[in-house]
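Take the position in the sequence shown, starting the count at 1, then add 394; the result is the number in our numbering. Beta carbons: idealized from backbone N, C-alpha and C, even for Gly. Note that the structure is a prediction, hence the values are computed from the model and not measured.
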Amino acid sequence: MSARDTELPVELLVLPDPEAAAAAVAALLAGAAQAREHIALAGGSTPRRAYELAAAQQPDWGGAHVWLSDERCVPPEDERSNLRLVRESLLAALEVQPTVHPVAVELGPEQAAAAYSAELTGAELGLALLGLGPDGHTASLFPGSPALDEHERLAVATAPGLAPWVERVTLTLSALAAARHVVFLAVGDEKAEAAYHAFSCPPSAATPASLVRSARGRSTAVLDRAAAAGLPKR
Ligand code: 6PG
């Protein structure tokens with residue numbers, strides 16, 4: 395079931411509000427870009443502000459590589475595309491572009507996942523940024539998904555567990571565990587219950603984010619006070 399049975403620590407970084415949480419993640423992204431790292435970026439809506447701030451803080455992403463932690467299988471110009479989110483909020487504002495590794499969604503989910511897994515093989519992720527769904531999913535690893543039992547491939551195709559109801563390609567637990575720094579960003583009271591299960595309960599397939607930790611580096615949950623409301627004070 396899980397890629398690990400032992401408890402791997404996750405440091406909690408609780409900020410007063412969403413803007414402060416975005417700024418904290420932006421600083422981590424800017425540092426990874428300056429270090430010319432391979433960086434996997436989250437989709438959804440929360441990270442948009444962090445990407446805008448990261449581009450303002452560090453406009454030179456030359457030598458860095460940008461991957462997607464997951465992608466919706468829609469055309470790149472579709473508003474549901476995670477690549478479109480990254481293009482609009484980060485890449486468009488940069489003075490020097492990174493090497494971008496889009497998911498080849500035109501191949502269809504299974505072939506796109508196989509191609510992404512092959513392309514990622516050998517790349518060492520310095521930072522993997524992830525969001526958190528209200529159901530405890532992260533990337534496109536949804537509760538109870540067969541993808542949670544995949545320990546060989548670095549990317550797989552998955553069915554959606556929440557809207558948008560389109561097929562996905564997601565990095566697997568193995569790919570994410572190999573990142574030197576796993577960073578979660580979650581804000582708002584609608585994420586509080588998921589954050590409690592993800593960051594202060596034992597690992598469980600019912601909360602995929604609880605299964606995602608760096609196996610060889612650091613894991614950090616960047617939260618605002620609302621999302622951290624259910625967490626014990628450390
Ligand atoms: C996706 C994301 C997904 C997202 C969470 C949180 O493709 O949907 O990768 O894992 O991070 O669903 O989404 P919000 O930031 O929109 O709340």
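Endpoints, beta strand (DSSP E) assigned at residue i
i: G425; result: Where G425 is concerned, there is no enclosing beta strand (DSSP E), although the alpha helix (DSSP H) it sits in stretches over 412-428.
i: H459; result: 459-462
i: L524; result: 519-524
i: F536; result: Segment: none, F536 is in no beta strand (DSSP E) and carries neither H nor E.
i: L514; result: Taken as a continuous stretch (DSSP letters only), L514 belongs to no beta strand (DSSP E), being part of the alpha helix (DSSP H) at 503-514.
i: A549; result: 549-552
Residue j beta carbon less than 8 Å from that of residue i
i: V616; j: R466; result: no
i: A444; j: L423; result: yes
i: A427; j: W455; result: yes
i: L579; j: L565; result: no
i: L403; j: S613; result: At residue 403 the sequence reads Pro, which differs from the Leu that was named. The answer is yes: Cβ separation under 8 Å.
i: A418; j: L407; result: yes
i: V631; j: A506; result: The structure shown has nothing for residue 631, since the chain only spans 395 to 628.
i: G437; j: S463; result: yes
i: V485; j: V497; result: Residue 485 is actually Leu in this sequence, not Val. No. Outside cutoff.
i: V499; j: V480; result: no
Cβ-heavy atom distance, residue i to ligand 1, below 7 Å
i: H531; result: yes
i: T440; result: yes
i: R466; result: yes
i: L526; result: yes
i: G437; result: yes
i: S463; result: yes
i: S534; result: yes
Contact set for residue i: own chain, Cβ-Cβ below 6 Å, skip 5 residues either direction
i: P412; result: V581, D618
i: A421; result: none
i: A508; result: none
i: E405; result: T614
i: L514; result: L548
Extent of the continuous alpha helix (DSSP H) to which residue i belongs
i: R481; result: 476-483
i: R654; result: Since the first residue of the chain shown is 395 and the last is 628, residue 654 is not available in this structure.
i: E446; result: 441-451
Neighbourhood of residue i by C-beta distance below 8 Å, restricted to the same chain and skipping five residues each side
i: M395; result: A caution first: M395 carries a pLDDT of 39, below 50, which makes its placement in the model unreliable, though a value can still be read off. Contacts found: L542, D543, A599.
i: P596; result: E401, S604
i: R478; result: P470, E471, D472
i: H575; result: L422, A426, G520, L521, A522, S608, G611, R612, S613, T614
i: R474; result: R466, V468, P558, V560
Beta-bridge pairing of residue i - partner residues as DSSP gives them
i: L435; result: L462
i: H575; result: L521, R612
i: S598; result: T601
Spatial neighbours of residue i in its chain, beta-carbon cut-off 7 Å, leaving aside the 5 residues before and after
i: H591; result: G530, T601, S604
i: E341; result: Outside the shown range of the chain, which is 395 to 628, sits residue 341, and nothing can be said about it.
i: A397; result: Since pLDDT at A397 reaches only 47, below the 50 mark, its modelled position is unreliable, and the value read off the structure follows with that caveat. Taken in chain order, the residues that qualify are H545, L567, S568, A571, L605.
i: K585; result: L526, P528, A621
i: G553; result: The question names Gly, but residue 553 is Ala in the sequence shown. Cβ within range, chain order: E561.
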